[in-house]
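Take the sequence shown: its position 224, counting from 1, is numbered 224 in full-length UniProt numbering, and each next residue is one higher.
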Amino acid sequence: MAVTNHFLEGKKIIVVGGGIAGCTFVAALHKLWNPDLALPNIIVLERNPRDARHHNYSISLHGDSANGGLVALRQLGLLDETLRHSIFGLRSGQFKMWDSNWNELMSTQPQPWGNLPTGSMRIQRRNLERILVGEAERQNAAFHWGVECTGTERLDNGKIRVAVEDETGAKDSHECDFLVVADGAQSNLRAALRPHDDLRYAGAVQIGGKAEFPHGIPKPIEDNWGLMLSGKGVCCYFSAVDKGTVVWALSQQRPEPDTRTSMSTPDRFVTLKEEALRLGNMFSEPFRTIVESTNPSSAFVTAAMEKEPFRHDDPNLERTVFIGDANHAVSPFAGNGANLALKDGWDLAENICYQSSLDNAVAAYDNLGFARAAEAIKSSHQKIDFAHCTSVKDSLLRAGLATGRWFMWMRGM
């Protein structure tokens, strides 16, 4: 029986962004593609040089629902490799919540969905990206590193021309039949195609860094991660990166975002430490030790930013789809960005392979991705209000701890 032609058979796809969402899409498309049809030619354009991807922090991957990132990794055939890089292993490490004296208020380990081996895990982001890039490259996707995409143009023949600039300033362009934009929260192409769809301030500012402990991370965060509540409008998040490094982030709700940039110079680092110790003066040891052990080069001040998802029903977006943070950026309080990126990449590829037209595929992807991202952003607002409450007792009651509903939305941080 003859195989029906596919609308992207033998066509050219450009993926802007070689991070989690972009590489997941490439790997998933190759895995799901009908082997009797000619594969599309895929080019990945990544703004960063290959050796400059320094994402040395940990992220949560969820496996307690069909929307978890671990589900997508299992579908890709990459779950076992990913689990080997779990920071805490499969049966250890829980999300915990402590009061200012490190008394445990909550501890949760989500139940696995289906037959997954774990309901959650933490992994260094750079390890996850390395796994996904490797899989995309094994599928013969051509990566162009250190190339920034500056704009697009729709041609009379229906193709899309993508303007690029390399590290030397040399300009070039590529043409494609389908464009997948996965260039992150600060997306150049979103700014060009949707100039009024900007990031917005989510209402909280974090200061922090990476504390280094050559002889081991202090208890109780050596094999757990979580949130320390003050009941006075300040909270602090802790998570190990490896056996000797822990990221901490002290946060406070503020009416305006903090615009400070680099905090790694000696004087700015001293200022940051003093600010952290002043704001977190109610937190017992090892809070002070963690702050004092921070590597100056890792110090940061960041405002929680976000962006609502959008659908692709705008005629100007014909044959162009935004996935991951380029479509819907979530703040650190969502704890869900990597999971959204993994599922976006898989869902878009799956619908491209199985729908009868590109329009149908994009519409089906929108139905899944839009609702998923909107719920994550809504949940992050609840987390911000909860974490910075001025009464621990009231915040626990308001979050519904007595019924356990809090488990499902708080543990992702």
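We put the beta carbon where it would ideally sit given N, CA and C, even for glycine.
Return yes when the Cβ of W346 is within less than 8 Å of the Cβ of A28, no when it is not. Yes; because the gap between Cβ atoms is below 8 Å, this pair is in contact.
Which residue marks the beginning of the alpha helix (DSSP H) containing R74, and which one marks its end? Per DSSP, the continuous alpha helix (DSSP H) segment holding R74 begins and ends at G69 to L76.
Relative to the C-alpha of G119, which candidate in K159, G68 and H144 has its C-alpha closest? Selected option, being the one with the closest Cα: G68.
Taking the beta strand (DSSP E) that L32 belongs to, which residues open and close that run? L32 -> not in any beta strand (DSSP E); alpha helix (DSSP H) instead, spanning I20 to L32.
Is there contact between the region 358–370 and the region 308–317, where contact requires at least three CB pairs shorter than 8 Å? In the pairwise beta carbon analysis, the region 358–370 is classified as touching the region 308–317: at least three pairs are separated by under 8 Å.
Three-state secondary structure (DSSP) of T82: DSSP, reduced to helix, strand and coil, places T82 within a helical segment of the structure shown.
Check whether the Cβ of D80 lies closer than 8 Å to any Cβ atom in chain B. Although the question refers to chain B, the structure presented lacks it and comprises just one protein chain.
Which of helix, strand or coil DSSP assigns to G208: G208: strand per DSSP, three-state reduction.
Between the CA atoms of I384 and M413 - distance to the nearest angstrom: Reliability fails at M413, whose pLDDT of 49 lies under 50, so the model's placement of it is uncertain and no value is given.
Nearest to I290 (by Cα), restricted to the options D198, T108, R372 and K210: Closest in C-alpha terms to I290, from the list D198, T108, R372 and K210, comes K210.
Report the three-state DSSP secondary structure of I290 (helix, strand or coil). In the structure shown, I290 falls within a helical segment according to DSSP collapsed to helix, strand and coil.
Using C-beta distances below 7 Å, list every residue in its chain close to A63, excluding the 5 sequence neighbours before and after it, in chain order. The question names Ala, yet the displayed sequence has Gly at residue 63. So the qualifying residues of the chain are L70, V71, P112, W113, L116, T118, G119 and S120.
Give me the residue from E135, Q253 and V147 with the minimum Cα distance to V26. Minimum Cα-Cα distance from V26 among the listed residues E135, Q253 and V147 corresponds to E135.
Can you tell me whether DSSP reads A136 as helix, strand or coil? Secondary structure of A136 (DSSP, three-state): helix.
To the nearest angstrom, how far is it from the Cα of K12 to the Cα of I377? It is roughly 33 Å from the alpha-carbon of K12 to the alpha-carbon of I377.
Scan the region 178–203 and note each continuous alpha helix (DSSP H) run of 4 residues or more that stays entirely inside, going in chain order. If only uninterrupted alpha helix (DSSP H) runs of at least 4 residues are considered, those enclosed by the region 178–203 are 188–193.
DSSP three-state assignment for I13, whether helix, strand or coil: Here I13 sits in strand by DSSP.
Once DSSP output is grouped into helix, strand and coil, what is the label at K273? Helix, per DSSP.
For T403, three-class secondary structure by DSSP: Residue placement at T403 cannot be trusted, given a pLDDT of 42 that sits under 50; what the coordinates show is reported in the next sentence. It is helical.
Return helix, strand or coil for F88, following the three-state DSSP convention. If DSSP states are grouped into helix, strand and coil, F88 belongs with coil.
Output needed for P218: all residues of its chain with C-beta closer than 7 Å, excluding positions within five of it in sequence on either side, in chain order. Excluding residues within five positions, the ones whose Cβ falls inside 7 Å are P286 and T289.
Sequence-distant residues of its chain with Cβ nearer than 8 Å to S357 (five each side left out): Counting only Cβ-Cβ distances below 8 Å, and skipping sequence neighbours, we find F7.
So, do the region 271–280 and the region 192–208 have three or more beta carbon pairs nearer to each other than 8 Å? Touching, yes, given that three or more Cβ pairs across the two stretches are closer than 8 Å.
Which of the three DSSP states is assigned to V234 in this structure? In the structure shown, V234 sits in a strand (DSSP, three-state: E or B).
Apply the 10 Å Cβ neighbour rule to Q124 and answer buried if 16 or more other Cβ atoms are within range, or exposed otherwise. Counting every other CB atom within 10 Å of its CB across the protein chains shown gives Q124 a total of 16 or more, marking it as buried.
Grab me the residues of G404's own chain with a C-beta within less than 7 Å of its C-beta, minus the 5 sequence neighbours each way, in chain order. Residue confidence for G404 is low, a pLDDT of 47 falling below 50, so the modelled location carries little weight and cannot support an answer.
Could you work out which residue in I14, F333 and R319 is closest to G203 when comparing CA atoms only? Ranking I14, F333 and R319 by Cα distance to G203 puts F333 first.
Any idea if E46 is buried or exposed, counting beta-carbon neighbours within 10 angstroms, 16 or more meaning buried? Buried.
Return the CA-CA distance between N101 and R138, expressed in angstroms with no decimal places. Their Cα atoms are separated by approximately 50 Å.
Quick one: using the 10 Å Cβ neighbour count with 16 as the cut-off for buried, is N224 buried or exposed? The residue is buried, with at least 16 neighbouring Cβ atoms inside 10 Å.
Where does L78 land, buried or exposed, given buried means 16+ other C-beta within 10 angstroms? The residue is buried, with at least 16 neighbouring Cβ atoms inside 10 Å.
Alpha carbon to alpha carbon, how far is I14 from Q252? Going from the Cα of I14 to the Cα of Q252 covers about 40 Å.
Check for me: the beta strand (DSSP E) holding D166 runs from which residue to which? Following the DSSP letters along the chain, one finds D166 inside the beta strand (DSSP E) bounded by residues I160 to D166.
Of the choices D258, T265, A185 and F88, whose alpha-carbon is the least far from that of L199? The candidate whose alpha carbon is nearest that of L199 is A185.
Using the C-alpha atoms, what's the distance from P296 back to G216? Across the structure, G216 and P296 are spaced so that their CA atoms are roughly 19 Å apart.
So I377 is in the alpha helix (DSSP H); what residue range does that whole segment cover? Its alpha helix (DSSP H) spans residues L358 to A387.
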